[in-house]
Amino acid sequence: MSSTPVALVTGGNKGIGFAIVRDLCKQFTGDVYLTARDPGRGQAAVTKLQEEGLNPLFHQLDIDNLQSIRTLRDFLKEKYGGLNVLVNNAGIGFKVADTTPFAIQAEVTMRTNFFATRDVCTELLPLIKPHGRVVNVSSMASVSALARCSQDLQQKFRNDTITEEELVKLMTKFVEDTKNGVHEKEGWPNTAYGVSKIGVTVLSRIQAQMLNKERKADRILLNACCPGWVRTDMAGPNATKSPEEGAETPVYLALLAPDADGPHGHLISEKKVQKW
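Each residue of the sequence shown is one higher than the one before, starting from 1 at the first, in the working numbering.
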């Protein structure tokens, strides 16, 4: 078993994920894994970074596939005995002009951005080594979506004692409400992406509390973050930041010093804690 520290980025073959992998290759002392759903695209991304003189490694990962997550988990456990840095970057978003029915957008977006990210955490968080770092890429869209929720929903999402089970029920209810055409009546905003990222932000707070309770001495730090409005396939060419600029906050959180005691359980944007 290798004693080399190991970092892993989901959805690493393009956009912000690719830029995060590049930065970690330059700044992280250890092995850096670029993961992607499509092995061909993943390997091509690795080759591109190798041409820059960097040495990322590749492992296939489709976060929508539980078996794929577990295969990766078993590999990390066997080869490294765990994981030091996990960046949950993989996610999707429909374009504003997309004509896909809203209920389908809600189901697809929620499945990947919230439920699949949660599955990765369920399988990989137990592998995180002492002083490990976990970064869940969320969005300030979660804050604006929260502001457009009903007062009742806002209270639930801001409640410090919300459980993972309660959060899952709320995310499931949003999808059901869109299918039944009642999501606005039930107090939800018209943004599947924003609501899915509310889920990621709140899940991160719940996970941080769980780590405090179960593994306080290990000093693991876990946060959600917003990379900003970044020029990617998802956000389009008019966004204000380059992928390299978008990678700054996630990489900052991934590389927090071993003796740091925070931030932990927060939403971070531009390297600053955001009010939730």
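All C-beta atoms, glycine included, are put in the ideal place defined by N, C-alpha and C. In this text the structure is predicted, and so the values were computed from the model without any measurement.
Buried or exposed: where does residue i fall if 16 or more other Cβ atoms within 10 Å of its Cβ makes it buried?
{"i": "lysine 197", "result": "buried"}
{"i": "glycine 262", "result": "exposed"}
{"i": "glycine 40", "result": "exposed"}
{"i": "aspartate 23", "result": "buried"}
{"i": "glutamine 296", "result": "Nothing about residue 296 can be reported from this structure: the residues present for the chain run from 1 to 276 only."}
{"i": "serine 139", "result": "buried"}
{"i": "glutamine 207", "result": "buried"}
{"i": "glycine 265", "result": "buried"}
{"i": "valine 120", "result": "buried"}
{"i": "asparagine 84", "result": "buried"}
{"i": "valine 96", "result": "exposed"}
{"i": "glycine 228", "result": "buried"}
{"i": "alanine 116", "result": "buried"}
{"i": "aspartate 152", "result": "exposed"}
{"i": "valine 135", "result": "buried"}
{"i": "threonine 10", "result": "buried"}
{"i": "glycine 81", "result": "exposed"}
Would residue i and residue j be called neighbours here (beta carbons separated by less than 9 Å)?
{"i": "leucine 253", "j": "asparagine 223", "result": "yes"}
{"i": "leucine 8", "j": "valine 137", "result": "no"}
{"i": "phenylalanine 174", "j": "methionine 110", "result": "yes"}
{"i": "phenylalanine 102", "j": "threonine 178", "result": "yes"}
{"i": "leucine 49", "j": "arginine 118", "result": "no"}
{"i": "asparagine 89", "j": "glycine 181", "result": "no"}
{"i": "histidine 131", "j": "proline 250", "result": "no"}
{"i": "alanine 141", "j": "glycine 194", "result": "yes"}
{"i": "glutamate 123", "j": "isoleucine 69", "result": "yes"}
{"i": "lysine 79", "j": "methionine 1", "result": "yes"}
{"i": "isoleucine 63", "j": "arginine 37", "result": "yes"}
{"i": "tryptophan 188", "j": "serine 150", "result": "yes"}
{"i": "proline 5", "j": "glycine 30", "result": "yes"}
{"i": "cysteine 226", "j": "glutamine 155", "result": "no"}
{"i": "valine 108", "j": "threonine 100", "result": "yes"}
{"i": "leucine 255", "j": "arginine 148", "result": "no"}
{"i": "arginine 73", "j": "leucine 127", "result": "yes"}
{"i": "glycine 199", "j": "leucine 221", "result": "no"}
{"i": "leucine 146", "j": "tryptophan 276", "result": "yes"}
{"i": "aspartate 289", "j": "arginine 205", "result": "Nothing about residue 289 can be read from this structure; the chain reaches only from 1 to 276."}
In terms of residue numbering, what span does the alpha helix (DSSP H) encompassing residue i cover?
{"i": "valine 85", "result": "First-last for valine 85: 83–88, but that is the beta strand (DSSP E), not the alpha helix (DSSP H)."}
{"i": "aspartate 31", "result": "No alpha helix (DSSP H) contains aspartate 31, which is instead part of the beta strand (DSSP E) from 31–36."}
{"i": "glycine 42", "result": "39–51"}
{"i": "aspartate 74", "result": "66–80"}
{"i": "threonine 122", "result": "117–124"}
{"i": "cysteine 25", "result": "15–27"}
{"i": "aspartate 152", "result": "151–158"}
{"i": "arginine 111", "result": "Counting along the chain, arginine 111 falls outside any alpha helix (DSSP H), and DSSP gives it neither H nor E."}
{"i": "serine 3", "result": "Run containing serine 3: none; DSSP gives neither H nor E here."}
{"i": "aspartate 261", "result": "First-last for aspartate 261: undefined, no H or E at that position."}
{"i": "valine 200", "result": "192–215"}
{"i": "aspartate 177", "result": "164–179"}
{"i": "valine 182", "result": "Neither: valine 182 is in no alpha helix (DSSP H) and is coded neither H nor E."}
{"i": "alanine 147", "result": "141–147"}
Hey, quick one: how far does the beta strand (DSSP E) through residue i stretch, first residue to last?
{"i": "proline 130", "result": "128–137"}
{"i": "valine 9", "result": "6–9"}
Return the bridge partner residues of residue i from the DSSP annotation.
{"i": "serine 279", "result": "Any answer about residue 279 is impossible in this case: the structure gives the chain only from 1 up to 276."}
{"i": "phenylalanine 58", "result": "Leu34"}
{"i": "leucine 255", "result": "Leucine 255 is not bridged to any residue."}
{"i": "leucine 291", "result": "Outside the displayed span of the chain (1 to 276) sits residue 291, for which this structure offers no information."}
Since residue i contacts residue j with CB under 8 Å, what's their CB separation in whole angstroms?
{"i": "isoleucine 92", "j": "asparagine 113", "result": "7 Å"}
{"i": "threonine 201", "j": "leucine 267", "result": "5 Å"}
{"i": "leucine 34", "j": "alanine 45", "result": "6 Å"}
{"i": "leucine 278", "j": "lysine 26", "result": "Residue 278 falls outside the range modelled here, since the chain spans only 1 to 276, and no answer is possible."}
Could you tell me whether any Cβ in chain C is nearer than 9 Å to the Cβ of residue i?
{"i": "glutamine 274", "result": "Absence of chain C from the displayed structure is noted, only one protein chain being present."}
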